[in-house]
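Here is the structure we will look at, set down as structure tokens.
Numbering (the UniProt record's numbering), first residue to last: 1 to 585.
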């Protein structure tokens, strides 16, 4: 194919990627051949259905290097998209999916469904165009550099490995004539590529939006609920070093880092034996990356401003709903470049994680009504909440992903037991524990309350209030509802709210915006009661979740975000005098 007789050019890898061009995000289809990297734009010919590729640039593999930040003083600024904008896209995607299901049930014509599918494809494309923010730069010997944006270290490492492996077999540079280039891009259409060529392409303001999601099955929303993962141990390292692992799961088509083990120092056989509880949002894949911790930063050239720690191996496991259905632990071994990591996984669906089990032991604090705990302690805010917040504010405010990154489950359970027996040594325990475990204990406390902080009674009203379009009516309604909560619930919420705002003030360091915090805490503080819950009724599919569920979670996030963004909330003691208070909601 477009090479001299007796030589073969083969396709090794391809995928859709986002390229940063003069500060704008552009969707590209990138092909790695045996001798070159080709970056193209997929376009639809006017009047016809055939697709063709425009070549944007190519680099022979012999001329390609990975640019480090030190080499490029003018590393481009990555335009970040606000979390709120990404969330709005997710809400639209969930709503369109619900509409498709409704049209199917009503046996509406295929034209209506096709129209909705086109809209869905456009929204998914937009989300996947806007979400990645991790730079992956390639440099050509002729002096030109190109920047892609990807969502995970995993993809970046994969592309680098594939290119470096192939570079060992490439020895001479070349340039293609315009005819050869045309033949090469034409051949791209005929190749069996990783992504099927997307169904819809929509021109909008000059930008081509292409669906990156394989549209095989609208009915597989992935898993919603909690995945417990135990990272046991790893073998196969050539020499002793300091090792740790991170865990990622996919959410709406891109990957999010959810947990990190401790660093196991100076060993070739680390035994972490750490358990993490990871919240899943329509997830289908669990990834694990194994790193070597590099303490001597001066010896390392930092590529792309990334962590200087070196990836030793990476692997992934598909989350099969059928296999995970029995809610028992399942052991698995993930093989990666000669390294083997042992894991155990267990899944709990939203249906079961929602069931609030009151504590049998009323002397404890977990699973006990908040009013009972505050009355017993003669406090306005439970001791556990004050202690956890104090410790996090002491040393966790600059922790990347605080409240989002999962703490070690055994540490969380140990803290839970200490608080439940009113252990006086609990503050000593906390001072020695990883701060993510303390954040996890606080979240667990709110999740295990017999009734959510915003109460079963008021939950439907908050959901209706947040949907109001008139800003004055919305503020009146939401404040009125908030001030109607029982006193211990209200004071605890206001205490937590102030803390979360302080966490968000350090967003540049901890990467936790108000929106990120609302995403973590919203579904914990606002939960429908068992009667209100819109859980799937089909018992044969206990793990799959309807899209109405997804919309419900979005609504819970929006309620908390509303209060986090509100300038001022009236003091609770003025609530009886409030004119708003007498208004019927």
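Positions of the beta carbon are idealized from the N, C-alpha and C atoms, including for glycine. Remember, predicted model here, so these are calculated numbers, not experimental data.
What residues in its chain sit with their C-beta under 8 angstroms from that of residue 80, if we drop five residues either side in the sequence? What you label residue 80 is simply residue 80 of the chain shown in a count that begins at 1. Result list for residue 80: 133, in chain order.
At which residues does the beta strand (DSSP E) containing residue 173 begin and terminate? Taking the chain shown and counting its residues from 1, the one referred to as residue 173 is at position 173. Unbroken run through residue 173: none, as it is neither H nor E.
Does the stretch 152 to 172 come close enough to the stretch 88 to 106 that 3 or more CB-CB pairs lie under 8 angstroms? No, they do not touch.
Would you tell me roughly how many angstroms separate the C-alpha atoms of residue 263 and residue 459, rounded to the nearest one? In the chain shown, counting from the first residue as 1, residue 263 sits at position 263. In the chain shown, counting from the first residue as 1, residue 459 sits at position 459. Rounded to the nearest angstrom, the two C-alpha atoms are 42 angstroms apart.
What are the residues that DSSP puts in a beta bridge with residue 258? Sequence index remark: in the chain shown, residue 258 carries index 258 (1-based). The partner list for residue 258 (beta bridge, DSSP) is empty, contrary to what the question assumes.
Inter-residue CB distance, residue 334 and residue 236 (contact presumed, cutoff 8 angstroms): Within the chain shown, the letter at position 334 stands for residue 334. Within the chain shown, the letter at position 236 stands for residue 236. 11 angstroms between Cβ atoms; not a contact.
For residue 439, which residues of its own chain have a beta-carbon under 7 angstroms away from its beta-carbon, when the five flanking residues on both sides are left out? As a first step, residue 439 is located in the chain shown; it is residue number 439 there, counting from the start. When the five nearest sequence neighbours on each side are left out, the beta carbons in the same chain lying within less than 7 angstroms of the beta carbon of residue 439 are those of 392, 396, 402, 403 and 407, in order along the chain.
Starting from the C-beta of residue 213, find all residues in its chain whose C-beta is less than 6 angstroms away, skip the five residues before and the five after it, and write them out in chain order. Position 213 of the chain shown, counted from the start, is the residue given in the question as residue 213. Any reading at residue 213 must be qualified, since the residue scores a pLDDT of 38, below 50, and its modelled position is unreliable; no value is offered.
How big is the Cα-Cα spacing for residue 278 and residue 185? Here residue 278 refers to the residue found at position 278 of the chain shown. Here residue 185 refers to the residue found at position 185 of the chain shown. About 42 angstroms.
On the DSSP letters alone, give me the boundaries of the alpha helix (DSSP H) that residue 569 sits inside. As a first step, residue 569 is located in the chain shown; it is residue number 569 there, counting from the start. Per DSSP, residue 569 belongs to no alpha helix (DSSP H) and is neither H nor E.
Quick one, which of 523, 20 and 499 has its alpha-carbon nearest residue 512's? Counting from one through the chain shown, the residue named residue 512 turns up at place 512. Selected option, being the one with the closest Cα: 499.
Apart from the five residues just before and just after residue 514, which ones in its own chain have a Cβ nearer than 7 angstroms to its Cβ? In the chain shown, residue 514 corresponds to position 514, counting from 1. Sequence-distant Cβ neighbours of residue 514 in its own chain, meaning closer than 7 angstroms and more than five residues away, are 504, 561, 564 and 565.
Using the three-state DSSP reduction, which class does residue 250 fall into: helix, strand or coil? Reading the chain shown from its first residue, position 250 is the one you call residue 250. Residue 250 falls in the strand class under three-state DSSP.
From this set, 365, 342, 329 and 57, which residue's C-alpha is nearest residue 348's C-alpha? Along the chain shown, one-based indexing puts residue 348 at 348. When each option's Cα is compared against that of residue 348, the closest is 329.
Which residues share a DSSP beta bridge with residue 345? Residue 345 sits at position 345 when you count from the first residue of the chain shown. Answer is 229 and 330, bridged to residue 345.
Span separating the alpha-carbon of residue 280 from that of residue 319: If you number the chain shown from 1, residue 280 lands on position 280. If you number the chain shown from 1, residue 319 lands on position 319. In a straight line, the C-alpha of residue 280 is about 11 angstroms away from that of residue 319.
Alpha-carbon to alpha-carbon, residue 309 and residue 18: For the purposes of this step, residue 18 is taken as the residue at position 18 of the chain shown. For the purposes of this step, residue 309 is taken as the residue at position 309 of the chain shown. Rounded to whole angstroms, the separation of the alpha carbons of residue 309 and residue 18 is 25 angstroms.
Given 8 angstroms, three or more beta-carbon pairs between the stretch 27 to 38 and the stretch 56 to 67: In short, these stretches touch, since the Cβ pair count reaches three.
Which ranges would you report for the alpha helix (DSSP H) in the UniProt domain "PH" (10 to 168) if only whole runs of at least 4 residues count? List check, alpha helix (DSSP H) in window: 83 to 105, 110 to 130 and 153 to 167.
Measuring CB atoms only, is the stretch 464 to 483 touching the stretch 429 to 438, in the sense that at least three cross pairs come out at less than 8 angstroms? Look at the beta carbons and you see the stretch 464 to 483 not touching the stretch 429 to 438: under three pairs across the two are nearer than 8 angstroms.
Could you give the distance in angstroms between the alpha-carbon of residue 247 and the alpha-carbon of residue 291? Residue mapping note: residue 247 aligns to position 247 of the chain shown, counting from 1. Residue mapping note: residue 291 aligns to position 291 of the chain shown, counting from 1. Using only the alpha carbons, I get a separation of about 11 angstroms.
Where the beta strand (DSSP E) containing residue 283 begins and where it ends: Looking up residue 283 in the chain shown gives position 283. Where residue 283 is concerned, the enclosing beta strand (DSSP E) stretches over 271 to 283.
What residue from 130, 153 and 366 has the CA that sits closest to residue 257's CA? Sequence index remark: in the chain shown, residue 257 carries index 257 (1-based). Comparing Cα positions, the closest option is 153.
I'd like to check one pair, residue 8 with residue 597: are the Cβ atoms closer than 9 angstroms? With the chain represented from 1 up to 585, any question about residue 597 goes unanswered, as that position is not in the structure.
Assigned secondary structure, residue 204 (DSSP; H/G/I helix, E/B strand, else coil): For the purposes of this step, residue 204 is identified with residue 204 of the chain shown, where counting begins at 1. Unreliable placement is indicated for residue 204, whose pLDDT of 33 sits below 50; no coordinate value is reported for it.
Span of the alpha helix (DSSP H), counted from its first residue to its last, around residue 445: On the chain shown, residue 445 is found 445 positions in, with the first residue counted as 1. For residue 445, the enclosing alpha helix (DSSP H) starts and ends at 435 to 447.
On a Cα-Cα basis, can you pick out the residue from 32, 11 and 346 that is closest to residue 332? Translated into positions along the chain shown, residue 332 becomes position 332. The shortest Cα separation from residue 332 among 32, 11 and 346 belongs to 346.
Delimiting residues of the beta strand (DSSP E) encompassing residue 312: What you label residue 312 is simply residue 312 of the chain shown in a count that begins at 1. Residue 312 -> beta strand (DSSP E) spans 310 to 318.
Spatial distance of residue 230 from residue 437 (CA atoms): For this step, residue 230 is matched to residue 230 along the chain shown. For this step, residue 437 is matched to residue 437 along the chain shown. Whole-angstrom Cα-Cα distance: 15 angstroms.
Whether residue 490 touches residue 479 by CB criterion (9 angstroms): By 1-based counting over the chain shown, the position of residue 490 is 490. By 1-based counting over the chain shown, the position of residue 479 is 479. Contact: no.
Which residues mark the beginning and the end of the beta strand (DSSP E) in which residue 266 is found? Taking the first residue of the chain shown as 1, we reach residue 266 at position 266. Here the beta strand (DSSP E) through residue 266 covers 264 to 267.
Between residue 239 and the rest of its own chain, which residues show a CB-CB distance below 8 angstroms, the 5 nearest in sequence each way excluded? Position 239 of the chain shown holds residue 239. Only 268 meet the Cβ criterion.
Can you name the residues that DSSP bridges to residue 408? Taking the chain shown and counting its residues from 1, the one referred to as residue 408 is at position 408. Among the bridge pairs identified by DSSP, residue 408 is matched with 276.
Output needed for residue 10: all residues of its chain with C-beta closer than 6 angstroms, excluding positions within five of it in sequence on either side, in chain order. In the chain shown, the residue the question calls residue 10 occupies position 10. Answer for residue 10: 34, listed in chain order.
Using a threshold of 9 angstroms, state whether the C-beta atoms of residue 449 and residue 367 are closer than that. Along the chain shown, read from residue 1 onward, the residue named residue 449 stands at position 449. Along the chain shown, read from residue 1 onward, the residue named residue 367 stands at position 367. Result yes, Cβ atoms of residue 449 and residue 367 sit closer than 9 angstroms.
Could you name the residues of the same chain whose beta carbon sits closer than 6 angstroms to that of residue 569, not counting the 5 residues immediately before and after it, in chain order? In the chain shown, residue 569 corresponds to position 569, counting from 1. Excluding residues within five positions, none has a Cβ falling inside 6 angstroms.
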